[in-house]
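**Student:** Sharing a structure, written as C-alpha cells. Questions coming.
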Amino acid sequence: MFFKSILNKSNPYLCMALLAIVMQTTMLVLFYGLPDPLGLSMAEMFEGKTLWQIFMAYGAILVMAALFGFARAPRGLAVFYALYFFVAAADYDVFRFSHQRLSYSFLRTYFHISNITDATTISTLGGDLLGTILWVSTVLLCFAGAIAFIVAYSLRLRNQRRSLVLNNQGGAWKNASKKVPVAMFAIGMALSLTPLVLFLTGTRGWIEIPVTHTKVDMRFTLGKHTLTAPILHIAAVETFEFIHDNAKITEELVGDLDAFLPKDFAAGRSDALELPMYRNAPTHEYKAKKPYNIVFIMGESFKGRIFNKMLEGDTTLAPNIWKLANGGYYAKDSAGNALGGGLWFKNAFSGGYPTVRGTMATYMGFPSHPNRDVPSFYAANKFKGWPEFLTNYSKKYMTVSNPIFDHTLPFVEKFFGKEWYLPDEEKVEGSVDSLGTDAALKLLKTMPNNKPWLLAFNTIASHIPFYNYPIAFAAQPDDAMTRYRNAIRYTDTQLGRFFDSLSARSDFENTVVFILGDHDTPVDSVDYLVPQPLGLSASQIFIGIFSADTALFNELSIRKDVASQLDLGPTIFDLAQVREPNHFWGYDLLAQERPAEQPSVFFSQNAYYLGFRDHVLAGGLENEDVYRAPSGGESPYVLTTDPSDLAWKKKAVSTAKVLRSVLRNDIMMP
39 MFFKSILNKS NPYLCMALLA IVMQTTMLVL FYGLPDPLGL SMAEMFEGKT
89 LWQIFMAYGA ILVMAALFGF ARAPRGLAVF YALYFFVAAA DYDVFRFSHQ
139 RLSYSFLRTY FHISNITDAT TISTLGGDLL GTILWVSTVL LCFAGAIAFI
189 VAYSLRLRNQ RRSLVLNNQG GAWKNASKKV PVAMFAIGMA LSLTPLVLFL
239 TGTRGWIEIP VTHTKVDMRF TLGKHTLTAP ILHIAAVETF EFIHDNAKIT
289 EELVGDLDAF LPKDFAAGRS DALELPMYRN APTHEYKAKK PYNIVFIMGE
339 SFKGRIFNKM LEGDTTLAPN IWKLANGGYY AKDSAGNALG GGLWFKNAFS
389 GGYPTVRGTM ATYMGFPSHP NRDVPSFYAA NKFKGWPEFL TNYSKKYMTV
439 SNPIFDHTLP FVEKFFGKEW YLPDEEKVEG SVDSLGTDAA LKLLKTMPNN
489 KPWLLAFNTI ASHIPFYNYP IAFAAQPDDA MTRYRNAIRY TDTQLGRFFD
539 SLSARSDFEN TVVFILGDHD TPVDSVDYLV PQPLGLSASQ IFIGIFSADT
589 ALFNELSIRK DVASQLDLGP TIFDLAQVRE PNHFWGYDLL AQERPAEQPS
639 VFFSQNAYYL GFRDHVLAGG LENEDVYRAP SGGESPYVLT TDPSDLAWKK
689 KAVSTAKVLR SVLRNDIMMP
C-alpha cells in the first residue's frame, strides 16, 4: 500500500525524501550508539562538527530530491539514495574502525580482499557482531527498497502505455505543482549553507536545547571527519580548500620555508618558486663508503620521554634494545670492549599523529598536512618514498597491523610491491608482536648475502590502551603507565629474539638497525598536563641508529641535537649510496647536525608544532596565540609573547601555506 501511495502521487520525490530522512536519522542513532572499537566517544570525537554534519546530511537529501524532481527522474532518485546510503554506511564504518574519513584510498584499500576474508572482518564492520548485522541490514534494506520502487514504478508505466494513458507519472509532472521541489531545494540549500556561513563567521559558544537540556557545541569546524560524503559536502569542502590551499608562493614564503631546511637544500634548488621543495642531490661529505643492509623497525608509540629514562639507569623498560645500543650483540676487541656503536637522540620528534601521519613523514621526508590526504591517490602524485630510491636493494616488509587499518596500503604497495607480509593468525590474545617477530625472522632468513637488502617491520603491543600483550606475560592493572611499560617490555622480548638471529648472520657487521616510534601517545598525568590538540604528548619519540661496523660508529653517542622522522630518509640515502635529487627536508643524521636554533616541524588539524632542543612551540595556523612549553612535557603550555617565538610562528604559518599549495597542485617533483 505504501509503494502504491508513492506511485499514485504526482510527486513521489517528497515521499522518498522523507523515507531517506528517516533512514539518515536511524544511521545517526546507530553511529552514536554502537560501541567504538577503540573505546572512544563519538560525541567527543565530533565535538564542534556535529551540527555541521547533521545539517549537511539532511540538506543533501532534500537538495538531491529536488534536483531529481526537476529532472523528472524518480527512478534515478531511488538509485541515488541506494548508492548514497551504501557510501554513508561505509563511511560511518570506516570512521568507527579507524577514525579516518572515507576517501579514494579507502575505497581501494579498506575493502581490499585481505581485509574482508580474515579475522578482522567483524571488527571492520561496526566493531562487533551487532554492529555488523545492523550496518549490513541497513544497506540491504536501502537496496531492496530502491529495487522494489523501480520495479513497481516501471511496471506501472508499462501498464499505462498499454492502456494508451500517456499522462503517466513522468508526464504528470507537467501538470504538477513545482512548489514541492522548489521548497525542498530551498530548505536543503539553507541547511547545507548555514553551517558553512557559521564556520566562516567564526561562530563559537554553546546553546542548550530546551526540552532535553542538552548542550550543543557551536564551534563550527570544517573538519575532515564527515558522517556521510554527500555531493554538496564534497563540493563545499573542495571549493573552500581550493581557495584556502592555493596561496601564491612568493620569495618571502620560500624564505620562511628555508628556516626549517638544511642550508644546502636552498642552495641546491633550481627553481624555488615553481618547485620550492625539490633540490638537486646533496653535496655534503657522506659517512658511508659502501651500501649497508638496513633493518627498519617502527615501534608503536615509542615514547621518547620514557625511553630516555634508560639513559638514567632504568634499563628494565627495554633491556634488549639497551643491549643493542651498548654493543651487547657486537664483537669485542682484545680489551673486551664492544666494537661498533650507535646514536641515541634525546630530542627526537614525530612527524604527526596518528600512525599514517608519522609514517608519511618518515617515508616521504616532508611533514604531513591535514588539508591534504597524501595517501589518497598516492600512486599518481609526484613524490617518492625513500624505499623507492633503493632500486638495487632486496626489500621486504612485515606489518603486524593490517595496512588498511593504518591507511598506509598505498605506501606499502608502492614501496614493496607484493613483498609485504602479515603474521599468522593470533591464537593467544595479545601475542601479535610474537607472531610478527616469527614472520620477520622468516623473512630475515630469505635475505641475500651477495647484495644489499632492506627489512622493515613494525610492532603493536604498546598501542593505546596498552592491553596488547598476553596476560600470562604480565598483569594488566588499571594504571596505564604500568600497562605501557609491560607492553614495551613484551615487544622488547620479541625484538631480542630478532636481534639474536640478526647478530648471527655473516653480514651483521654490514647491517644498520633503525628503531623509532611512529608517534608518541598520552599515557600518564604528565602527558595530560598539556592541551592534547597542540600535540606535545603525540610528538616526542625514541630514535636510535645502531651498527656493529666501527667505520660508522665507535661506542654509543647520546645526541642532544634535534632529530626528526623527516631525517630518516636523508640518513638512509647516505647508507644506501643514493645521491639523487629529492624532496626530503631533513638532515643526514650520520654526517650532519641540525643547528641549535632550528626546530623540527609538523602540522596537525590546522595547528603547527615546533620542537627545539630546550622547548617546544605550538599554536594555530589561523590565530595569533603561541604557546611555549619545556621539552619533555613536564609542565603545561603557557602563552608567550616572546618576539623570537612570534617570529617562528610566522615562519611556521608561511611554511604551511607553501606545503598546502605544493600538495594541492602536485608540484613536488618535475
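Residue numbers (this note's numbering): 39 to 708. Cβ coordinates follow ideal geometry from the N, Cα and C atoms, glycine included.
Tell me which same chain residues have a C-beta within less than 7 Å of the C-beta of D156, skipping the five on either side of it?
**Tutor:** Walking along the sequence shown from the start, residue 156 turns up at place 118. Reliability fails at D156, whose pLDDT of 41 lies under 50, so the model's placement of it is uncertain and no value is given.
**Student:** Classify Q91 as helix, strand or coil using the three-state DSSP reduction.
**Tutor:** Stepping through the sequence shown from its first residue, residue 91 is reached at position 53. DSSP places Q91 in helix when its eight states are reduced to three.
**Student:** As a quick exercise: from A95, K347 and I332, pick the residue whose alpha carbon is nearest that of W424.
**Tutor:** Counting from 1 along the sequence shown, the entry for residue 424 is found at position 386. Closest option to W424, Cα to Cα, is I332.
**Student:** Roughly how many angstroms separate the alpha carbons of A224 and T88, rounded to a whole number?
**Tutor:** Along the sequence shown, read from residue 1 onward, the residue named residue 224 stands at position 186. Along the sequence shown, read from residue 1 onward, the residue named residue 88 stands at position 50. When rounded, the distance between both Cα atoms is 22 Å.
**Student:** Mapping the DSSP letters down to three states, classify E711 as helix, strand or coil.
**Tutor:** Here the chain has residues from 39 to 708 only, and residue 711 is not among them.
**Student:** If you follow the alpha helix (DSSP H) that I344 is in, where does it begin and where does it stop?
**Tutor:** In the sequence shown, residue 344 corresponds to position 306, counting from 1. Residues G342 to F345.
**Student:** Express the C-alpha separation of Y665 and A512 in angstroms, rounding to a whole number.
**Tutor:** Taking the first residue of the sequence shown as position 1, residue 512 is located at position 474. Taking the first residue of the sequence shown as position 1, residue 665 is located at position 627. Distance between the alpha carbons of A512 and Y665: 39 Å.
**Student:** How is the alpha helix (DSSP H) around K433 delimited, first residue to last?
**Tutor:** One-based indexing of the sequence shown puts residue 433 at position 395. Here K433 belongs to no alpha helix (DSSP H); instead the beta strand (DSSP E) covers S432 to M436.
**Student:** So who's on the other strand from K370, going by DSSP bridges?
**Tutor:** Sequence index remark: in the sequence shown, residue 370 carries index 332 (1-based). A376.
**Student:** Could you give the distance in angstroms between the alpha-carbon of N714 and the alpha-carbon of M222?
**Tutor:** No answer is possible for residue 714: the residues shown for the chain start at 39 and end at 708.
**Student:** Taking the alpha-carbon of K456 as reference, which of K465, M436, S472 and T475 has the nearest alpha-carbon?
**Tutor:** Taking the sequence shown and counting its residues from 1, the one referred to as residue 456 is at position 418. When each option's Cα is compared against that of K456, the closest is M436.
**Student:** Quick check: the region 360–369 against the region 647–665, are at least 3 beta-carbon pairs closer than 8 Å?
**Tutor:** Flag = no, the region 647–665 and the region 360–369 do not touch.
**Student:** Compare the C-alpha of Y191 against each of D129, A297, N487 and P50 and name the closest.
**Tutor:** Residue 191 sits at position 153 when you count from the first residue of the sequence shown. Selected option, being the one with the closest Cα: P50.
**Student:** From P508, L492 and W491, pick the residue whose C-alpha is nearest to that of I498; which is it?
**Tutor:** On the sequence shown, position 460 is the one that residue 498 refers to. Of the candidates P508, L492 and W491, the one whose C-alpha sits nearest the C-alpha of I498 is P508.
**Student:** Spell out the partners DSSP gives Y459 in its beta bridges.
**Tutor:** Mapped onto the sequence shown, residue 459 falls at position 421. Paired residues: M436.
**Student:** I need the DSSP call for W382, collapsed to helix, strand or coil.
**Tutor:** Translated into positions along the sequence shown, residue 382 becomes position 344. Of the three classes helix, strand and coil, the one that applies to W382 here is strand, per DSSP.
**Student:** Going by DSSP, what residue range makes up the beta strand (DSSP E) through T19?
**Tutor:** Nothing about residue 19 can be read from this structure; the chain reaches only from 39 to 708.
**Student:** If you follow the alpha helix (DSSP H) that M402 is in, where does it begin and where does it stop?
**Tutor:** Taking the first residue of the sequence shown as position 1, residue 402 is located at position 364. From DSSP, the alpha helix (DSSP H) with M402 extends over T393 to M402.
**Student:** Spatial neighbours of Y762 within its chain, please: C-beta separation below 6 Å, excluding the five flanking residues on both sides.
**Tutor:** Past the edges of the chain, shown from 39 to 708, lies residue 762, and the structure says nothing about it.
**Student:** To the nearest angstrom, how far is it from the Cα of L481 to the Cα of G658?
**Tutor:** The residue you call residue 481 lines up with position 443 of the sequence shown. The residue you call residue 658 lines up with position 620 of the sequence shown. Cα-Cα distance, rounded: 44 Å.
**Student:** Is it buried or exposed for Y675, if we count other Cβ within 10 angstroms and need 16 for buried?
**Tutor:** Here residue 675 corresponds to residue number 637 of the sequence shown, with the count starting at 1. So Y675 ends up on the buried side.
**Student:** For the beta strand (DSSP E) holding V696, just list the boundary residues, first then last.
**Tutor:** As a first step, residue 696 is located in the sequence shown; it is residue number 658 there, counting from the start. Segment P681 to N703 is the alpha helix (DSSP H) holding V696; no beta strand (DSSP E) there.
**Student:** Work out the CA separation of S339 and H501 for me, nearest whole Å.
**Tutor:** Working through the sequence shown from its first residue, we reach residue 501 at position 463. Working through the sequence shown from its first residue, we reach residue 339 at position 301. C-alpha separation (whole angstroms): 6 Å.
**Student:** Buried or exposed for K422, please, with buried defined as at least 16 other CB atoms from any protein chain shown within 10 angstroms of its CB.
**Tutor:** The sequence position of residue 422 within the sequence shown is 384, counting from 1. So K422 counts as buried.
**Student:** Among the candidates M348, F580, T64 and R110, whose CA atom is the shortest distance from the CA of M336?
**Tutor:** The residue you call residue 336 lines up with position 298 of the sequence shown. If we check each option's Cα against that of M336, F580 comes out closest.
**Student:** Just to confirm the assignment, what range does the beta strand (DSSP E) spanning N331 have?
**Tutor:** Position 293 of the sequence shown holds residue 331. First-last of the beta strand (DSSP E) with N331: N331 to G337.
**Student:** Decide if the region 583–599 is in contact with the region 372–379; the criterion is three or more beta carbon pairs, one per stretch, under 8 Å apart.
**Tutor:** Short answer: they touch.
**Student:** Please classify N346 as buried or exposed, where buried requires at least 16 neighbouring CB atoms within 10 angstroms.
**Tutor:** Your numbering for residue 346 matches position 308 in the sequence shown. Flag for N346 reads buried.
**Student:** I'd like to confirm the pairing. Which residues does DSSP put opposite R666 in its beta bridges?
**Tutor:** The sequence position of residue 666 within the sequence shown is 628, counting from 1. According to DSSP, R666 bridges with L655 and V676.
**Student:** Going by beta-carbon coordinates alone, are K420 and P708 separated by less than 9 Å?
**Tutor:** Reading the sequence shown from its first residue, position 382 is the one you call residue 420. Reading the sequence shown from its first residue, position 670 is the one you call residue 708. Yes, the Cβ-Cβ distance between K420 and P708 is below 9 Å.
**Student:** According to DSSP, simplified to helix, strand and coil, what is T549?
**Tutor:** Stepping through the sequence shown from its first residue, residue 549 is reached at position 511. If DSSP states are grouped into helix, strand and coil, T549 belongs with the strands.
**Student:** Are A55 and A120 closer than 9 Å when you measure CB to CB?
**Tutor:** The residue you call residue 55 lines up with position 17 of the sequence shown. The residue you call residue 120 lines up with position 82 of the sequence shown. Cβ distance not < 9 Å, so A55 and A120 don't count as in contact.
**Student:** Just to confirm the assignment, what range does the beta strand (DSSP E) spanning F495 have?
**Tutor:** Position 457 of the sequence shown, counting from 1, holds the residue named residue 495. That run of the beta strand (DSSP E) goes W491 to N496.
**Student:** Which residue wins for smallest C-alpha separation from E289, given the options D283, F280, E312 and M65?
**Tutor:** Reading the sequence shown from its first residue, position 251 is the one you call residue 289. The option with the nearest alpha carbon to E289 is E312.
**Student:** Give a yes or no on whether the C-beta atoms belonging to T170 and M65 are separated by under 9 Å.
**Tutor:** The residue given as residue 170 occupies position 132 in the sequence shown. The residue given as residue 65 occupies position 27 in the sequence shown. Going by C-beta atoms, T170 is not nearer than 9 Å to M65.
**Student:** Ignore the nearest five residues each way along the sequence and tell me which others in R521's own chain have a CB closer than 8 Å to its CB.
**Tutor:** Locating residue 521 in the sequence shown gives position 483, counting from the first residue. Contacts found: P503, F504, Y505, Q514 and P515.
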